[in-house]
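Just so you know, the protein sequences line up as chains E and S, in that order. Residue 471 is where the first sequence starts when you use the working numbering, and the numbers rise one by one after that. Residue 471 is where the second sequence starts when you use the working numbering, and the numbers rise one by one after that. Presented below is the structure to which this report refers.
There are 2 protein chains.
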Amino acid sequence: MGSAVYAMQMSTSVQPKTHKRRASRRSNAAPTIADVARAAQCSPMTVSRVINGEGNVREETRIQVLDAIEKLNYSPNRAARSLAGGEQLRIGLLFDNPSASYLSEFLRGALEEASKIDAHLEVQTCETPEAALPLMRKLSEGGISGFILPPPLCDDQDVLDLAKELGACAIAVGPGKAMGTQGSVMIDDFEAAVDMTAHIIGLGHTRIGFIIGKPEQLASERRLAGYYAAMKQAGLEIDEELVVQGRFTYRSGLAAAEKLLSLPERPTAIFASNDDMAAAVIATAHRNHLDVPTDITVCGFDDTAMASTIWPELTTVRQPIREMTAWAVAAIARISRSRRTDDKGTVEKSIIPYTLIRRDSDAAPSLARSPRTEP
Amino acid sequence: MGSAVYAMQMSTSVQPKTHKRRASRRSNAAPTIADVARAAQCSPMTVSRVINGEGNVREETRIQVLDAIEKLNYSPNRAARSLAGGEQLRIGLLFDNPSASYLSEFLRGALEEASKIDAHLEVQTCETPEAALPLMRKLSEGGISGFILPPPLCDDQDVLDLAKELGACAIAVGPGKAMGTQGSVMIDDFEAAVDMTAHIIGLGHTRIGFIIGKPEQLASERRLAGYYAAMKQAGLEIDEELVVQGRFTYRSGLAAAEKLLSLPERPTAIFASNDDMAAAVIATAHRNHLDVPTDITVCGFDDTAMASTIWPELTTVRQPIREMTAWAVAAIARISRSRRTDDKGTVEKSIIPYTLIRRDSDAAPSLARSPRTEP
DNA sequence: GCCCCTTATGGTAGCGCTACCATTATCTTA
DNA sequence: TAAGATAATGGTAGCGCTACCATAAGGGGC
Chain E
471 MGSAVYAMQM STSVQPKTHK RRASRRSNAA PTIADVARAA QCSPMTVSRV
521 INGEGNVREE TRIQVLDAIE KLNYSPNRAA RSLAGGEQLR IGLLFDNPSA
571 SYLSEFLRGA LEEASKIDAH LEVQTCETPE AALPLMRKLS EGGISGFILP
621 PPLCDDQDVL DLAKELGACA IAVGPGKAMG TQGSVMIDDF EAAVDMTAHI
671 IGLGHTRIGF IIGKPEQLAS ERRLAGYYAA MKQAGLEIDE ELVVQGRFTY
721 RSGLAAAEKL LSLPERPTAI FASNDDMAAA VIATAHRNHL DVPTDITVCG
771 FDDTAMASTI WPELTTVRQP IREMTAWAVA AIARISRSRR TDDKGTVEKS
821 IIPYTLIRRD SDAAPSLARS PRTEP
Chain S
471 MGSAVYAMQM STSVQPKTHK RRASRRSNAA PTIADVARAA QCSPMTVSRV
521 INGEGNVREE TRIQVLDAIE KLNYSPNRAA RSLAGGEQLR IGLLFDNPSA
571 SYLSEFLRGA LEEASKIDAH LEVQTCETPE AALPLMRKLS EGGISGFILP
621 PPLCDDQDVL DLAKELGACA IAVGPGKAMG TQGSVMIDDF EAAVDMTAHI
671 IGLGHTRIGF IIGKPEQLAS ERRLAGYYAA MKQAGLEIDE ELVVQGRFTY
721 RSGLAAAEKL LSLPERPTAI FASNDDMAAA VIATAHRNHL DVPTDITVCG
771 FDDTAMASTI WPELTTVRQP IREMTAWAVA AIARISRSRR TDDKGTVEKS
821 IIPYTLIRRD SDAAPSLARS PRTEP
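See the structure below:
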């Protein structure tokens with residue numbers, strides 16, 4: 471550009487009346503993007519591009535930058551990033567009175583991921599889905615990029631509608647009845663229930679009791695359907711007496727177990743839709759002088775801490791809640807980033823694999839105790 | 471490069487030498503400190519002073535500023551704050567395999583407070599205190615202002631020494647044996663145990679069993695001491711058979727309960743040092759055909775989710791874990807702020823009040839000692 | 001050859017706040 | 001009363017990064 475301009479600038483840069491030069495305010499000498507740029511012999515801008523995975527960078531340059539980053543052990547300053555980026559990623563975590571073991575996993579997953587991508591987590595408990603609405607409004611005042619909704623909130627249409635109205639995206643953790651989330655992470659509850667039921671059948675059981683979860687939650691239906699499907703596939707007749715309603719709580723499991731165990735021809739195995747209810751089944755069995763698993767097999771679902779706390783430890787289906795929440799946080803980040811550029815309503819979905827965890831609460835039916843039944 | 475090009479540009483835009491004026495990058499029109507300053511008719515600097523509670527601001531001015539903040543519904547931009555402040559508050563949360571119910575409360579407390587003061591939480595699990603050391607080193611690479619240490623980490627001198635070496639402060643959540651933390655939050659475990667024991671005595675029990683917690687943790691000692699003190703104060707003889715060792719786990723509670731319940735003259739009440747062990751006592755009692763609380767009173771400690779999950783619900787001591795962790799986060803913030811200015815090694819301590827929660831697992835001893843058998 | 005278009009890169013101006021100094025009014029104290 | 005100390009406030013330059021534009025360097029298509 472014009473040399474004249476430069477000359478002028480130079481003359482003013484003698485600082486006739488401005489403040490005296492100050493020392494840099496940087497206290498800890500953490501490398502900045504400029505240091506990397508110098509090392510990689512390019513501009514800070516190019517470094518920024520590499521870091522953010524943008525296109526339009528020559529492969530050669532990219533590698534140089536990555537090398538420099540490695541060498542300097544550089545990590546970008548989160549504060550500067552979100553300040554310059556103009557947008558702060560705030561994520562609302564809402565939950566409706568879940569079990570402690572669920573919650574701790576849920577929070578850990580969110581926390582780990584949020585820490586990585588520098589998102590702010592706003593945690594809110596609400597007793598009912600209706601109570602969630604004002605909380606969401608309040609959170610939204612400060613600007614919220616998205617909400618993470620575990621069941622039963624993701625089964626509630628009003629909650630989702632409000633999220634949309636507030637311009638936030640909603641990610642369901644677990645299956646949801648309500649339509650219109652911008653994404654969801656879940657395991658295949660149906661297949662998992664099929665597998666577990668098949669496992670129990672494989673042990674030789676034929677009278678298998680089932681305790682259904684909370685009726686409002688879609689996961690309950692799916693798990694039940696899995697049980698039915700596996701029974702049918704094994705050619706076993708389904709005795710409706712053996713299928714009882716629960717509500718995912720320990721208390722409800724107690725009642726359901728009482729019902730199943732007092733049946734004239736009681737089941738030799740019980741598959742509960744979650745671990746809390748399975749624990750309740752074991753407690754009830756013990757109170758009725760039944761040994762687990764000798765007299766009765768008990769299996770759970772979720773693999774919460776409960777499953778490995780109680781004795782005997784539960785055979786259950788592991789649902790990787792931590793990974794699921796982490797994924798949800800990442801999804802919100804992706805979505806709100808993409809929103810800034812293109813406005814297409816992408817929907818992110820992920821089915822995370824589950825695992826069948828075999829522990830000590832299952833066994834083949836004992837010949838002596840078990841009422842013999844038709845093959 | 472050419473002046474030609476520039477000349478052209480000059481003709482198209484009024485700006486002679488600089489780039490053309492850009493639109494502000496601010497997307498959401500959240501009020502900034504400058505807006506507040508304008509409204510309060512002072513400089514942004516003064517507003518900053520008011521916000522940060524610094525001195526040297528006239529009361530009159532302060533009020534004007536606060537009014538303006540209120541009117542504009544201003545809230546400071548966290549990113550800008552930590553960028554300009556030069557220091558990022560990073561807090562390491564370490565825990566050693568705690569129960570899920572403890573953890574969820576622990577995390578919630580930390581999360582809520584951290585969100586308020588814009589601290590970054592780094593969560594790490596470690597199986598043993600020794601395993602914590604490398605994790606701490608690693609966390610420290612990115613710069614850590616402080617660590618929050620629940621038991622048993624706060625009982626480990628090596629952990630504390632390392633924290634000091636890394637230039638981070640350490641806050642114990644719960645009593646710790648190791649010396650040298652920069653602060654601690656806890657309840658008065660001794661007094662709480664005294665109260666609970668006195669409560670049980672007040673119901674009419676005289677043979678009261680006690681299950682000790684993990685021996686390495688100071689809380690265990692304190693609770694035991696409380697039990698002894700209350701027994702002594704009531705003039706009750708302490709039968710050493712009635713005091714058995716546990717390790718805070720459900721499993722250890724099972725063994726301890728078995729021991730206590732198979733005593734020739736078994737206790738009419740058992741006070742376990744935490745809820746998990748108390749739950750194990752109840753399970754064992756049930757397996758031995760004893761009703762709770764009719765045949766035996768069982769009390770716990772901590773009031774974790776377990777306490778109100780099981781049946782009957784536990785009478786226990788509520789330890790407000792959430793508040794405690796929140797306090798710890800705030801303490802780290804205070805300390806590292808004060809460190810920047812004066813370097814005095816302030817130690818922050820807080821004793822948070824506990825509550826005795828009476829639920830359904832306690833009752834007066836039944837008059838006939840053992841014979842009551844159920845059908 | 002010219003023009004345009006794409007791709008790779010650089011320069012600069014903020015993002016909103018606070019540290020640091022400068023400045024002015026308000027007292028003290030020699 | 002002048003000189004200094006103190007209190008209250010203002011101005012400015014970053015903090016480290018990214019958005020936005022500008023520029024330069026390579027292709028085709030006419």
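A virtual CB, placed ideally from N, CA and C, is assigned to each residue, including glycine.
*Per-residue contacts from S:VAL751 into chain E (C-beta, under 9 Å)*: What S:VAL751 touches in chain E: nothing, since even the nearest Cβ is about 13 Å away.
_Taking 8 Å as the threshold (beta carbon to beta carbon), is E:ALA570 in contact with chain S?_
Taking a beta-carbon distance threshold of 8 Å, E:ALA570 counts as an interface residue toward chain S.
*What does E:TYR720 reach in chain S if we use C-beta pairs closer than 9 Å?*
Neighbourhood of E:TYR720 in chain S, by CB distance below 9 Å: THR779, ILE780 and TRP781, in chain order.
*Looking at E:ASP773 and E:ILE740, is the spacing between their C-beta atoms short of 8 Å?*
No, Cβ-Cβ distance for E:ILE740 and E:ASP773 is not below 8 Å.
*Specify, as a first and last residue, the run of the beta strand (DSSP E) that E:HIS675 falls within.*
Taken as a continuous stretch (DSSP letters only), E:HIS675 belongs to no beta strand (DSSP E), as it is neither H nor E.
*Whose C-alpha, out of S:THR825, S:VAL535, S:ASN758 and S:SER831, is nearest the C-alpha of S:GLU783?*
The candidate whose alpha carbon is nearest that of S:GLU783 is S:SER831.
_Pick from E:PRO685, E:ARG607 and E:THR764 that is closest to E:GLY637, judged by C-alpha positions_ = For the set E:PRO685, E:ARG607 and E:THR764, the Cα lying nearest the Cα of E:GLY637 is the one of E:ARG607.
*Let me know the secondary structure DSSP gives S:HIS756 once reduced to three states.*
In the structure shown, S:HIS756 sits in a helix (DSSP, three-state: H, G or I).
*asked:* Residues of chain S with CB closer than 7 Å to the CB of E:VAL714, please, in chain order.
replied: Within chain S, no residue has its beta carbon less than 7 Å from that of E:VAL714; the closest one is some 18 Å off.
*asked:* Residues in the same chain with beta-carbon distance under 6 Å from E:GLY679, minus the five sequence neighbours each way, listed in chain order, please.
replied: Answer for E:GLY679: LEU712, LEU730, PRO737 and ILE740, listed in chain order.
*asked:* Pairs of beta-carbons, one from the stretch 741–759 of chain S and one from the stretch 660–678 of chain S, closer than 8 Å: are there three or more?
replied: Contact between the stretch 741–759 of chain S and the stretch 660–678 of chain S is present, because at least three Cβ pairs lie under 8 Å.
*Under a three-way DSSP split, which group does S:CYS512 fall into?*
DSSP places S:CYS512 in the coil class of the three-state scheme, outside both helix and strand.
*asked:* Contact criterion: CB-CB distance below 8 Å. Does E:ARG491 meet it with respect to chain S?
replied: Below a pLDDT of 50, predicted positions are generally treated as unreliable, and E:ARG491, at 48, falls in that range; the measurement from the model is reported next regardless. Chain S contact via Cβ: absent.
*Could I get the ranges of all uninterrupted beta strand (DSSP E) runs contained in the stretch 578–633 of chain E, with 3 residues as the minimum, in chain order?*
Listed in chain order, they are 590–595 and 616–619.
*Going by C-alpha distance, which of S:ALA602, S:ASP761, S:ILE533 and S:PRO823 is nearest S:LEU563?*
When the alpha-carbon of S:LEU563 is set against those of S:ALA602, S:ASP761, S:ILE533 and S:PRO823, the nearest one is in S:ALA602.
*Buried versus exposed call for S:ASP537 [16 or more other C-beta atoms within 10 Å across all chains shown]*: Residue environment: S:ASP537 is assigned as exposed (fewer than 16 neighbouring CB atoms within 10 Å of its CB, all protein chains considered).
*asked:* Using 8 Å as the threshold, is the C-beta distance between S:GLN687 and S:ASP746 below it?
replied: With a cutoff of 8 Å on beta-carbon distance, S:GLN687 and S:ASP746 are scored as not near each other.
*Using a C-beta cutoff of 8 Å, does S:ALA638 count as contacting chain E?*
No, S:ALA638 does not count as interfacial toward chain E.
*State the beta-bridge partners of S:GLU818 as determined by DSSP.*
S:GLY653.
*Close Cβ partners of E:PRO835 (< 6 Å) along its chain, the five nearest in sequence each way excluded*: For E:PRO835, where only same-chain residues beyond five positions count, the Cβ hits under 6 Å are GLY674, HIS675 and THR738.
*Name the chain E residues that come within less than 8 Å of S:VAL852, Cβ to Cβ?*
Any question about residue 852 of chain S goes unanswered here, given that chain S covers just 471 to 845.
*Report the option in E:GLN594, E:ALA662 and E:VAL629 whose CA atom is closest to the CA atom of E:ILE822.*
Residue E:ALA662 is the option with its Cα nearest to E:ILE822.
*Using a Cβ cut-off of 8 Å (strictly closer), state whether S:LEU760 contacts chain E.*
So no, S:LEU760 is outside the interface.
*asked:* List, in chain order, every chain E residue whose beta-carbon is nearer than 8 Å to that of S:HIS669.
replied: The premise fails here: S:HIS669 is roughly 25 Å from chain E at the closest Cβ pair, so nothing lies under 8 Å.
*asked:* So, under 8 Å CB-CB, S:PRO413 and S:GLY646 are touching, yes? Tell me the CB distance rounded to an integer number of Å.
replied: In the structure displayed, chain S extends from 471 to 845; residue 413 of chain S sits before or after that span and is not available.
*Looking at the unbroken alpha helix (DSSP H) that takes in E:ARG721, where does it start and where does it end?*
Start and end: 720–731.
*Just the chain E side, please: which residues come within less than 9 Å of S:THR774 by C-beta, in chain order?*
Within chain E, the residues near S:THR774 are ALA570.
*Can you find a C-beta in chain E that's less than 8 Å from the C-beta of S:ARG788?*
For S:ARG788, not one C-beta of chain E is nearer than 8 Å to its own C-beta.
*Taking the alpha-carbon positions, what's the E:ALA704 to E:VAL762 distance?*
Answer to the nearest angstrom: the Cα atoms are 24 Å apart.
_Please state whether the Cβ-Cβ distance between E:GLY653 and E:LYS819 is less than 8 Å._
E:GLY653 places its beta carbon less than 8 Å from that of E:LYS819.
*Rounded to whole angstroms, what's the CA-CA distance from S:THR595 to E:PRO501? Just pull it up for me.*
A straight line joining the alpha-carbon of S:THR595 with that of E:PRO501 spans about 29 Å.
*Name the chain S residues that come within less than 9 Å of E:GLN558, Cβ to Cβ?*
For E:GLN558, the residues of chain S that pass the 9 Å Cβ criterion are ASN547, ARG548 and ALA549, in the order they occur in the chain.
_Which of helix, strand or coil DSSP assigns to S:LEU564_ = Three-state result, S:LEU564: strand.
*By the 10 Å Cβ neighbour count, where 16 or more other Cβ atoms means buried, how is S:ASN526 classified, buried or exposed?*
It is exposed - the Cβ of S:ASN526 has fewer than 16 other Cβ atoms within 10 Å.
*Inter-residue Cα distance where the pair is S:GLN627 and S:GLU710*: Near 31 Å, if we compare the C-alpha coordinates of S:GLU710 and S:GLN627.
*Flag this pair as touching only if the stretch 689–699 of chain S and the stretch 792–801 of chain S have three or more C-beta atom pairs under 8 Å; answer yes or no.*
The answer is no - the stretch 792–801 of chain S does not touch the stretch 689–699 of chain S, with fewer than three Cβ pairs under 8 Å.
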